[in-house]
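Sequence positions in the sequence shown follow numbering that gives the first Met the number 0 and run 0 to 185. Heads up, the beta-carbon is just placed ideally off N, CA and C, and yes, glycines get one too. If you're wondering where the values come from, they're calculated on a predicted model, not measured in any experiment.
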Amino acid sequence: MKFNRTTISLVILALGLTGFVFFREIKDQQFDLTSKIGKEEEKQEKIFTFDTKEIKNIDIEVNQEKINFEKTDKNVWLMTQPQKLTVNDAAMNFLINLFNQAENKLEIPSTPEKIQEFGLDKSHHKISLILNNGDKYQIILGKGNFDDTAIYAQVIFPESLKATQNIFLVSKSFQYAIERDLEEWK
């Protein structure tokens, strides 16, 4: 099969122009995959906007058993109920860091039907927080999602934020953090 010199020249010219236009357009758009990935991650809003250093009280309720924690002036966490003792830093830091990491990946309007569907109406897992400024947050944990990698949580924000009480999909680690035996907090 023989090609004419003119045909070969035109094919090479077309490929060259296509390559030039392609790279020129990419450069004009400042196409950079790493910067786009970084921007997507930055867009993820946090559920909790407070600084975790501002938390002064944490109350946990699991299956109608209550555990209360209070932070001292020296930033040491104490269990005040059911026993009075100093809390294991690792266990408490694990729980507190979850509030920093909680991202708003899925937010569902809170309706009575959704509350019932996600098991939030008869929840046995609740976390209440009080900040230094008096703001109170409550997190009610419900059922797991379809593949049981996350759980539905209703977050009740303080009145000062004027935020709607929506349902969020949060890390299953919240459940693991509060389902500890009493001995694990010591």
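From Arg179 to Leu168, what does the alpha carbon distance come to, in whole angstroms?
21 Å
Can you give the Cα-Cα distance for Phe2 and Phe21, rounded to whole angstroms?
Put simply, the backbone Cα of Phe2 is about 27 Å away from that of Phe21.
What is the DSSP secondary structure of Phe167, reduced to helix, strand or coil?
strand
I'd like the span of the alpha helix (DSSP H) that includes Glu112, first residue to last.
111-116
Taking the continuous beta strand (DSSP E) assigned at Asn67, which residues delimit it?
64-70 is the span of the beta strand (DSSP E), which, as asked, contains Asn67.
Using a Cβ distance threshold of 8 Å, determine whether the stretch 123-139 contacts the stretch 46-60, with at least three qualifying pairs required.
yes
Go ahead and label Ala186 buried or exposed: buried means 16 or more other beta carbons lie within 10 angstroms of its beta carbon, across all protein chains shown.
Residue 186 is absent from the structure shown; the chain starts at 0 and stops at 185.
Check Gly15 in the structure and name its three-state DSSP category.
It is helical.
Exposed or buried, what is Gly15 when buried is set at 16 or more other beta-carbons lying within 10 Å of its beta-carbon?
exposed
With 16 other CB atoms within 10 Å as the buried threshold, where does Phe228 fall?
Outside the shown range of the chain (0 to 185) lies residue 228, about which nothing can therefore be said.
Would Lys142 be called buried (16 or more neighbouring beta carbons within 10 Å of its own) or exposed?
exposed
DSSP on Tyr175, reduced to helix/strand/coil?
helix
In angstroms, rounded to a whole number, what distance separates the CA positions of Ser122 and Leu140?
6 Å
Whose C-beta lies closer than 6 Å to the C-beta of Lys125 among residues of the same chain, with five residues either side of it excluded?
Glu60, Ile139
Please work out which residues of its chain come closer than 7 Å, Cβ to Cβ, to Ala176, disregarding the five sequence neighbours upstream and downstream, and give them in chain order.
Non-local beta-carbon contacts of Ala176 in its own chain, meaning distances under 7 Å to residues more than five positions away in sequence, involve Phe93, Leu94, Leu97 in chain order.
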